[in-house]
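Visitor: Take the position in the sequence shown, starting the count at 1, then add 15; the result is the number in this note's numbering.
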Amino acid sequence: LDLFMPHVSGTELLPQLVQNYPEVPVIVMTASQELETAVSCMKEGAFDYLVKPVEESRFVSCVRRALEIRGLRREVGALRHSLIENGVERPECFFHIITCQRDMQVLFRYIEAIADSREPVIITGETGTGKELIAQALHQASGRSGKMVSLNVAGLDDNMFSDTLFGHVKGAFTGADRDRGGIIVSAASGTLFLDEIGDLNMTSQVKLLRLLQDHTFYPLGSDISQVSDARIVVATNQDLRAEMVRGKFRQDLFFRLSSHPINLPPLRNRPDDLPLLLQHFIEEAAQSQNKPVPTAPEELLTLLSVYAFPGNVRELRSLVYNAVAQHRSGPVLSMQSFR
Numbered sequence: 016l017d018l019f020m021p022h023v024s025g026t027e028l029l030p031q032l033v034q035n036y037p038e039v040p041v042i043v044m045t046a047s048q049e050l051e052t053a054v055s056c057m058k059e060g061a062f063d064y065l066v067k068p069v070e071e072s073r074f075v076s077c078v079r080r081a082l083e084i085r086g087l088r089r090e091v092g093a094l095r096h097s098l099i100e101n102g103v104e105r106p107e108c109f110f111h112i113i114t115c116q117r118d119m120q121v122l123f124r125y126i127e128a129i130a131d132s133r134e135p136v137i138i139t140g141e142t143g144t145g146k147e148l149i150a151q152a153l154h155q156a157s158g159r160s161g162k163m164v165s166l167n168v169a170g171l172d173d174n175m176f177s178d179t180l181f182g183h184v185k186g187a188f189t190g191a192d193r194d195r196g197g198i199i200v201s202a203a204s205g206t207l208f209l210d211e212i213g214d215l216n217m218t219s220q221v222k223l224l225r226l227l228q229d230h231t232f233y234p235l236g237s238d239i240s241q242v243s244d245a246r247i248v249v250a251t252n253q254d255l256r257a258e259m260v261r262g263k264f265r266q267d268l269f270f271r272l273s274s275h276p277i278n279l280p281p282l283r284n285r286p287d288d289l290p291l292l293l294q295h296f297i298e299e300a301a302q303s304q305n306k307p308v309p310t311a312p313e314e315l316l317t318l319l320s321v322y323a324f325p326g327n328v329r330e331l332r333s334l335v336y337n338a339v340a341q342h343r344s345g346p347v348l349s350m351q352s353f354r
């Protein structure tokens, strides 16, 4: 799709193509080298962005990837369509996720369908939407014999990331007086959950890509590779396509992680869940603080229903816990705690 065409511009046509033909990857071509234009197109749903004149190898590579992604989208679309017709087979995997929304029920069926796959999973959604809970449900549904091990990669430089994840051998650095296995070893036959993957530095991204492609890694200070059978699940609240355009996230890693994408809706798009979550957190907070369970004031749901909840479910939980902590007497929580 060329951005500058007679009669209609590519920027006007792109959203229509994405909306009407979501299974078709759109490659944008333009002579403009403005970064903001590229970011805007990727946010609108473009698969990739090429600046003319385009090298033949770059063009062929881009089209090949687009065809691969189209095949995956068709498979996922067919899978999701079939899942709607079937119920959740293992509801116990999702008991800790409070919801009655149909979209979430469809998501649970999708998770069950991909649970046995060895392919990586990327969970996206705003902060506080429950990405780690979904990772736990996925791990439980997989029936893997190993455990789920979590690591937040935000703020880790390459040495810290490599040492934490892959471990080191004796003498790898000053103070390394013995071999130490990384958490990838602890996740053997289980699931490795990497949170805030959008913050992973570029050098570490190369190592993660190798782990995904070859299922091998090198402990710090060792030139002998080791094999891992851990399933990789990552999560982010960032727009990785935009980060990819800015050169902050590797394109090959992004597409390698995107085999099974899961996107969590924000709380403001789950209105039917709000009263369920509110009551759940009131009971949970009262129990944790050894207090009688109070009730919510009648006008509270009306107030919460018009609030945007930038912190999503996590923010609602904090609000309720704070209100219960301040509650001193009477059966009903004070509205002042929520204003």
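Cβ atoms here follow ideal geometry from the backbone N, Cα and C, with glycine treated the same way.
As the structure is a computational prediction, the values presented were derived from the model and not from experiment.
In the DSSP output, which residue or residues are listed as bridge partners for Val248?
Guide: The sequence position of residue 248 within the sequence shown is 233, counting from 1. DSSP output for Val248 lists Val136, Phe208 as bridge partner(s).
Visitor: Among Met259, Tyr336, Phe232, which residue has its Cα nearest to the Cα of His295?
Guide: Along the sequence shown, read from residue 1 onward, the residue named residue 295 stands at position 280. Residue Tyr336 is the option with its Cα nearest to His295.
Visitor: By the three-class DSSP mapping on this structure, what secondary structure does Thr218 have?
Guide: Residue numbering aside, residue 218 sits at position 203 when the sequence shown is read from its first letter. Looking at Thr218 - three-state DSSP - the assignment turns out to be helix.
Visitor: Determine the direct distance from the alpha carbon of Pro309 to that of Glu211, and round the result to whole angstroms.
Guide: Within the sequence shown, numbered from 1, the residue matching residue 211 stands at position 196. Within the sequence shown, numbered from 1, the residue matching residue 309 stands at position 294. For the pair Glu211 and Pro309, the Cα-to-Cα distance works out to about 36 Å.
Visitor: Using only CA atoms, which one of Pro30, Asn284, Val184 lies nearest to Ser240?
Guide: Here residue 240 refers to the residue found at position 225 when the sequence shown is read from its first residue. When only C-alpha atoms are compared, the closest one is Val184.
Visitor: For Gln220, collect the residues of the same chain with a Cβ closer than 8 Å to its Cβ; drop the 5 residues on either side in sequence, then sort them by chain order.
Guide: Sequence index remark: in the sequence shown, residue 220 carries index 205 (1-based). If we look at Gln220 and ignore the five residues flanking it on each side, its Cβ neighbours are Phe264, Arg265, Leu268.
Visitor: Candidates Gly182, Gln302, Met259: which alpha carbon is nearest Ser201's?
Guide: Position 186 of the sequence shown, counted from the first residue, corresponds to residue 201. The residue with the shortest Cα to Cα distance from Ser201 is Gly182.
Visitor: The beta strand (DSSP E) spanning Ile42 covers which residue range?
Guide: Here the question's residue 42 lines up with position 27 in the sequence shown. Note, Ile42: beta strand (DSSP E), 42-45.
Visitor: Please return the same chain residues whose Cβ sits closer than 7 Å to the Cβ of Met70, not counting the five positions on each side in sequence.
Guide: The count along the sequence shown starts at 1 and reaches residue 70 at position 55. It is Glu, not Met, that sits at residue 70 in the sequence shown. Hits under 7 Å: none found.
Visitor: For Glu330, which residues in the same chain have their Cβ closer than 7 Å to its Cβ, ignoring the five residues on either side in sequence?
Guide: For the purposes of this step, residue 330 is taken as the residue at position 315 of the sequence shown. Here the set comprises Gly143, Phe324.
Visitor: For a test of the three-state rule: what should DSSP assign to Ser177, helix, strand or coil?
Guide: Position 162 of the sequence shown, counting from 1, holds the residue named residue 177. It is helical.
Visitor: Taking contact to mean 3 or more Cβ pairs, one atom from each stretch, closer than 8 Å, check whether the stretch 243-253 and the stretch 107-115 are in contact.
Guide: no
Visitor: Examine the Cβ distances between the stretch 132-151 and the stretch 299-316 and report whether three or more of them are shorter than 8 Å.
Guide: In the pairwise beta carbon analysis, the stretch 132-151 is classified as not touching the stretch 299-316: fewer than three pairs are separated by under 8 Å.
Visitor: Applying the 10 Å Cβ sphere with the 16-neighbour rule, what's the burial state of Thr127?
Guide: For the purposes of this step, residue 127 is taken as residue 112 along the sequence shown, with counting starting at 1. It should be noted that the sequence gives Glu, not Thr, for residue 127. When all chains shown are included, Glu127 counts as buried.
Visitor: In chain order, what residues of the same chain have a beta carbon less than 7 Å from the beta carbon of Leu292, not counting five sequence neighbours either side?
Guide: As a working note, residue 292 is residue 277 in the sequence shown. So the list reads Ile113, Val328, Leu331, once near-sequence residues are dropped.
Visitor: My assumption, with CB atoms under 8 Å, is that Ile198 sits in contact with Thr218. Please give the rounded CB distance.
Guide: In the sequence shown, the residue the question calls residue 198 occupies position 183. In the sequence shown, the residue the question calls residue 218 occupies position 203. So it is not a contact: roughly 19 Å between Cβ atoms.
Visitor: Is Met163 buried or exposed, if buried means 16 or more other CB atoms sit within 10 Å of its CB?
Guide: Translated into the one-based positions of the sequence shown, residue 163 becomes position 148. Classification for Met163: buried.
Visitor: From Arg117, Ser72, Tyr125, pick the residue whose C-alpha is nearest to that of Asp287; which is it?
Guide: Position 272 of the sequence shown holds residue 287. Answer by Cα proximity: Arg117.
Visitor: What's the gap between the Cα of Tyr64 and the Cα of Ser349?
Guide: Translated into positions along the sequence shown, residue 64 becomes position 49. Translated into positions along the sequence shown, residue 349 becomes position 334. So the alpha carbons of these two residues sit roughly 53 Å apart.
Visitor: With DSSP as the reference, label Ile239 as helix, strand or coil.
Guide: Along the sequence shown, read from residue 1 onward, the residue named residue 239 stands at position 224. The answer is coil: DSSP assigns Ile239 none of H, G, I, E or B.
Visitor: Among the candidates Ser160, Cys108, Ala46, Asn174, whose CA atom is the shortest distance from the CA of Leu207?
Guide: Within the sequence shown, the letter at position 192 stands for residue 207. Nearest of Ser160, Cys108, Ala46, Asn174 to Leu207, Cα basis: Ser160.
Visitor: Candidates Gly345, Arg343, Ser344, Ala338: which alpha carbon is nearest Ser352's?
Guide: Here residue 352 corresponds to residue number 337 of the sequence shown, with the count starting at 1. Out of Gly345, Arg343, Ser344, Ala338, Ala338 has the C-alpha closest to the C-alpha of Ser352.
Visitor: Find out if the Cβ-Cβ distance for the pair Leu272, Leu282 is shorter than 9 Å.
Guide: Along the sequence shown, read from residue 1 onward, the residue named residue 272 stands at position 257. Along the sequence shown, read from residue 1 onward, the residue named residue 282 stands at position 267. No.
Visitor: If you scan the stretch 18-87 from start to end, which runs of the beta strand (DSSP E) of 3 or more residues do you find wholly inside it?
Guide: 42-45, 63-66
Visitor: Identify, in the order they occur along the chain, each residue of the same chain with its Cβ nearer than 8 Å to the Cβ of Gly170, setting aside the five sequence neighbours on each side.
Guide: Residue 170 sits at position 155 when you count from the first residue of the sequence shown. Result list for Gly170: Asp214, in chain order.
Visitor: Identify every residue that forms a DSSP beta bridge with Met163.
Guide: As a position in the sequence shown, residue 163 is number 148, starting the count at 1. Looking at the DSSP assignment, Met163 forms a beta bridge with Thr206.
Visitor: Which word fits Pro21, buried or exposed, when buried means at least 16 other C-beta atoms lie within 10 angstroms of its C-beta?
Guide: In the sequence shown, counting from the first residue as 1, residue 21 sits at position 6. By the 10 Å Cβ count, Pro21 comes out exposed.
Visitor: Classify Arg285: buried if its beta carbon has 16 or more other beta carbons within 10 angstroms, exposed otherwise.
Guide: Along the sequence shown, read from residue 1 onward, the residue named residue 285 stands at position 270. It counts as buried.
Visitor: Let's test the definition: count the other Cβ atoms within 10 Å of the Cβ of Arg246 and tell me whether it reaches 16, buried, or not, exposed.
Guide: Position 231 of the sequence shown, counted from the start, is the residue given in the question as residue 246. In this structure Arg246 is buried. Its beta-carbon is surrounded by 16 or more other beta-carbon atoms within 10 angstroms.
Visitor: On the DSSP bridge list, what partners appear for His275?
Guide: Position 260 of the sequence shown holds residue 275. Note: His275 sits in a beta bridge opposite Val136.
Visitor: The alpha helix (DSSP H) spanning Arg124 covers which residue range?
Guide: Position 109 of the sequence shown, counted from the first residue, corresponds to residue 124. Note, Arg124: alpha helix (DSSP H), 117-129.
Visitor: Between Met44 and Val260, how many whole angstroms is the CB-CB distance? I'm expecting something under 8 Å.
Guide: The sequence position of residue 44 within the sequence shown is 29, counting from 1. The sequence position of residue 260 within the sequence shown is 245, counting from 1. So it is not a contact: roughly 15 Å between Cβ atoms.
Visitor: Taking the straight line between their C-alpha atoms, what separation do you get for Ala300 and Phe74?
Guide: By 1-based counting over the sequence shown, the position of residue 300 is 285. By 1-based counting over the sequence shown, the position of residue 74 is 59. So the two alpha carbons sit approximately 56 Å from each other.
Visitor: Could you spell out the range, first to last residue, of the alpha helix (DSSP H) harbouring Pro307?
Guide: Taking the first residue of the sequence shown as position 1, residue 307 is located at position 292. No alpha helix (DSSP H) holds Pro307; DSSP gives it neither H nor E.
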